[in-house]
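Just so you know, we're using this note's numbering here: the sequence shown kicks off at 9 and counts up by one.
Using N, Cα and C, we set each Cβ at its ideal position, and we do this for glycine too.
Because the structure is a prediction, the values reported are computed rather than measured.
Below you'll find the structure, written out as structure tokens, and then a few comments.
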Amino acid sequence: MKYENMKSLILTILVIMSLVLTWNLWTYQPDFDYIDSERVISDVQISETLESGKLIQPTMLLFHYAEEHHGTIDVSRFLEEFKRWNLFDIEYMNINQSRFDEFMHGNRKMEIVFPDDIPMPTLRYLTGFSDNEINVTISRIVVDFDAASAEEPVIYLVNYEEQQVYQAKVQNLVLSELERNFYQTGRTLPVYLSIENREGKYLFYPALSTKDEQKMSSYNYYIDQLNPEDFKNALFDDPSIVTNDQLFDGEVYRDDSRLLRVFSQDLKLQYVNPGNTRMGNNIDFNVIERGIDFVNEHAGWSGPIETYNLDSWSRSPIEHTVTFRMYKGDYPIVNLDPEGVAAITQSWRNNELREYVRPSFEFGLEIIKDTKELPSGNRVIRHLQQANIDISKIEVLRVGYDLKKDPNSNGILVLEPVWIYSDGNSWSKITLSDNDDLEGGR
């Protein structure tokens with residue numbers, strides 16, 4: 009009897025264990041954290057991320073007085089002021105073409121110049137909006153200090169090329185304080201000259217009329233190469249199927265539809281998605297903001313010596329393009345080698361990246377710092393006129409850096425200060441010989 013009871017007890021225990029095991033099997037959910045979506049798409053951090061407001065900054069402040077103009081390319085202090093404002097009641101303002109010059113550059117005006125037209129919604133990364141932004145582009149902002157007696161402070165948002173003006177009321181702006189902190193001290197800034205290069209349009213450029221203003225540092229740096237494997241992991245959907253081939257001038261990574269080319273001598277990367285053959289983008293596609301987001305996704309803004317800022321963008325029925333130029337401090341860097349780069353350029357079709365070209369390096373350790381003397385602004389203008397260069401096509405004339413390799417060492421980059429100009433499509437360097445225009449002086 010005891011034996012039968014024992015068998016029943018053992019059988020009961022086995023049944024209970026079986027039920028528990030079955031329940032556990034039915035309800036078990038394995039921990040798949042190690043293959044979550046963020047890890048399938050490799051979380052590559054190549055260098056740095058940057059906030060959008062750091063990449064769409066103005067390139068110049070101008071202060072207009074009765075007899076002269078002053079300016080600066082250091083906009084950091086103004087941006088701290090600008091981000092406190094709130095814009096509202098934005099409306100179109102009709103300005104007669106005959107008085108557009110006086111409206112923009114007349115006495116007691118402060119002018120903020122952007123590198124290209126900026127969609128007004130994108131300005132929200134720099135300042136506040138109490139209303140919805142209107143869908144227009146602007147390239148400059150004007151503050152009129154003679155309007156300080158107005159009931160509410162106003163500023164003017166301007167599309168300079170189209171001569172279109174929008175008035176905006178501003179909260180958190182006291183014009184008298186802005187005048188005291190910026191305009192009244194503006195006379196201590198470098199002198200800027202101007203030339204009417206198109207009807208009703210003026211080109212402003214630094215005078216560099218003194219020896220101190222003409223002196224500017226040049227730099228030599230070791231090259232820090234970025235790892236192309238990081239870009240492979242960041243740019244391909246499935247890096248595990250990507251093949252790698254060595255070429256005489258670099259290497260190439262590819263999968264079934266995309267290609268990443270590394271140019272060792274030219275210090276650049278080119279990523280192409282040739283399968284993206286459809287034309288155009290959505291009507292509301294913002295290539296500036298999408299371009300910034302794309303580079304941030306793989307922390308592709310190199311540094312800390314170099315920074316980047318918006319240079320230009322364009323849109324067409326085929327594609328949108330955007331370029332972010334490399335800067336050293338407040339000065340743009342150009343690379344005039346036909347195959348060289350000093351900017352990040354993207355083209356987009358069908359709301360997808362079509363091509364991505366960028367430097368494959370960062371500036372490393374500084375090894376040499378020297379000083380170069382630049383010609384004055386007046387001398388540069390005379391040179392352009394004597395060389396029969398069409399000044400009406402010049403949109404920007406300023407000082408920057410020419411990036412080139414040290415001819416005596418492949419591992420060293422040189423940043424040489426130069427005068428440069430842009431026609432809106434590309435940058436060119438102005439080269440004056442020691443004997444050039446001697447009769448005009450400096």
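Span of the alpha helix (DSSP H), counted from its first residue to its last, around residue i
i	result
HIS78	Segment 77 to 80 is the beta strand (DSSP E) holding HIS78; no alpha helix (DSSP H) there.
LYS219	219 to 222
GLY299	295 to 305
LEU87	84 to 90
ASP109	108 to 113
Distance cut-off 7 Å: residue i Cβ against heavy atoms of the ligand GTP
i	result
ASN180	The ligand GTP is absent from the structure shown, which contains no ligands of any kind.
Cβ-Cβ distance between residue i and residue j below 8 Å
i	j	result
LEU87	GLY79	no
ARG188	GLY288	no
TYR429	ILE438	yes
ASP152	ARG116	yes
TRP435	VAL342	yes
ASN359	ASN433	no
LEU267	PHE239	no
GLU259	PRO282	no
VAL121	ARG148	yes
PRO161	LEU181	yes
GLU370	GLU314	yes
ASP257	SER272	yes
ARG366	VAL349	yes
PRO174	ILE98	The sequence given here places Tyr at residue 174; Pro does not occur at that position. In this structure, ILE98 lies closer than 8 Å to TYR174 by Cβ.
SER60	ILE300	yes
LEU58	TRP309	yes
VAL426	GLY408	yes
Nearest to residue i (by Cα), restricted to the options the options
i	options	result
THR138	ARG107, VAL178 and ASN102	With the sequence shown as reference, residue 138 is identified as Ser, and Thr is not the correct amino acid for it. For the residues ARG107, VAL178 and ASN102, the minimum Cα distance to SER138 belongs to VAL178.
ARG85	HIS306, ASN143 and PHE190	PHE190
ASN416	ASN281, SER434, ASN290 and TYR230	TYR230
GLN490	GLN172, SER55 and SER265	Any property of residue 490 remains undetermined from this structure, which presents the chain solely from 9 to 450.
GLN354	TYR279, ARG387 and ASP398	TYR279
ASN386	LEU344, GLN222, ALA155 and VAL270	GLN222
ALA74	GLY348, ALA176, ARG195 and ARG262	ARG195
PHE212	HIS72, PHE90 and ILE54	HIS72
ASP345	GLU89, ASN396 and LEU275	LEU275
GLU424	PRO214, MET224, PRO325 and ARG323	MET224
LEU165	PRO129, PRO198, SER184 and GLN192	PRO129
PRO123	GLN192, VAL330, GLY208 and SER184	VAL330
Reduced DSSP category for residue i - H, G, I as helix; E, B as strand; rest coil
i	result
SER272	coil
LYS401	helix
SER430	strand
GLN394	helix
ILE376	strand
ALA242	helix
GLY408	strand
LEU440	coil
ASP51	coil
ALA176	strand
ARG362	strand
GLU237	helix
TYR229	strand
ASP41	Low confidence applies here, because ASP41 scores a pLDDT of 34, under 50, leaving its location unreliable and the question unanswered by this model.
ASN189	helix
LEU197	coil
GLY136	strand
SER202	strand
THR35	Low local confidence applies: a pLDDT of 40 at THR35 is under 50, so the model's placement there is unreliable, and no value is given.
LEU69	strand
GLN171	coil
ASN102	coil
Anticipated Cβ contact below 8 Å, residue i with residue j, distance rounded
i	j	result
PHE293	HIS328	6 Å
ASN317	TYR339	Rounded, the Cβ-Cβ distance is 11 Å, inconsistent with contact.
ARG226	LYS412	Note that residue 226 is Ser in the sequence shown, not Arg. Not quite, the Cβ-Cβ distance comes to about 11 Å (not below 8 Å), so this is no contact.
ASP378	ILE402	Not a contact, Cβ separation roughly 29 Å.
ALA351	PHE332	6 Å
ASP125	ILE142	Actually they do not touch by this definition, with Cβ atoms about 14 Å apart.
The beta strand (DSSP E) enclosing residue i, as first and last residue numbers
i	result
SER184	That residue, SER184, is in no beta strand (DSSP E); its alpha helix (DSSP H) goes 183 to 186.
ASP319	314 to 323
MET118	117 to 127
SER147	145 to 152
LEU165	162 to 167
TRP356	351 to 357
PRO340	339 to 342
GLY258	258 to 262
GLN254	251 to 255
LYS209	209 to 214
THR57	Unbroken run through THR57: none, as it is neither H nor E.
THR329	328 to 336
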